[in-house]
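Report on one structure; see the data block that follows.
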Amino acid sequence: SGQGIDRVFITGVSPVVLADISSGYNVSENISLDARFVDLCGFSEAEIAAVLGQLAAEQQRDRDWSARMLETMRVWYNGYRFGYEPGPGLYNPTLALYFFKALATTGAPPREMLDSNLA
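Take any residue in the sequence shown, note its place counting from 1, add 3, and you have its number in our numbering.
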């Protein structure tokens, strides 16, 4: 109805905060291990490859460049898994966007592969 927040998605909130009666946020539901949402909190490799392809086209790079950048990202940022069953590794969104920003602005991966925002 436009009178407030309809839905909210929060990551990184501890179970203590979720259950704390004084927090005011005690009506939440933890869906982090629900099989329906295992790919919600990250980028798939296909999504990463598509962005790298677009950056390569914009910067007039060859296909080898995209493959090298994808391999670098695979080593550093791939591997998040959610749920109980094995599933696809997801790329950390904060780190992927950090990497893309460096590629878009300098044409090269960042010197520091881990964004200081995650320290």
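Yeah, the Cβ is synthetic: ideal placement off N, Cα and C, and Gly gets one too.
Taking residue i as part of the alpha helix (DSSP H), name the residues at either end of that continuous run.
{"i": "glycine 56", "result": "48-61"}
What does residue i pair with, by DSSP beta-bridge criteria?
{"i": "asparagine 81", "result": "Tyr94"}
Between the Cα of residue i and the Cα atoms of the options, which residue gives the shortest distance?
{"i": "alanine 70", "options": "Gly82, Ala105, Ala53 and Cys44", "result": "Ala53"}
{"i": "arginine 39", "options": "Gln62, Thr109, Gly90 and Val78", "result": "Gly90"}
{"i": "isoleucine 51", "options": "Thr108, Leu73 and Ser119", "result": "Leu73"}
{"i": "threonine 75", "options": "Val41, Asp37, Cys44 and Leu117", "result": "Leu117"}
{"i": "leucine 106", "options": "Ala49, Asp37 and Arg64", "result": "Arg64"}
{"i": "valine 41", "options": "Tyr94, Ala60 and Leu121", "result": "Tyr94"}
{"i": "glutamate 48", "options": "Ala60, Arg77 and Asn120", "result": "Arg77"}
Please check the pair residue i and residue j, which I expect to be a contact at CB under 8 Å, by giving their CB distance rounded to whole angstroms.
{"i": "leucine 98", "j": "tyrosine 80", "result": "5 Å"}
{"i": "proline 113", "j": "phenylalanine 46", "result": "Their Cβ separation, rounded to whole angstroms, is 17 Å, which puts proline 113 and phenylalanine 46 out of contact at 8 Å."}
{"i": "leucine 58", "j": "phenylalanine 103", "result": "7 Å"}
Here's a check: name, in chain order, each residue in its chain whose Cβ is nearer than 8 Å to the Cβ of residue i, leaving out the five neighbours to either side.
{"i": "glycine 56", "result": "Ser69"}
Suppose the cutoff is 7 Å on Cβ atoms and the five residues either side in sequence are ignored; what does the same chain contact list for residue i look like?
{"i": "arginine 84", "result": "Gly90 and Gly92"}
{"i": "serine 35", "result": "Phe85"}
{"i": "glycine 110", "result": "Gln62"}
{"i": "asparagine 120", "result": "Thr97"}
Considering only residues of the same chain and omitting the five flanking positions on each side of residue i, which have a CB-CB separation below 6 Å?
{"i": "aspartate 67", "result": "none"}
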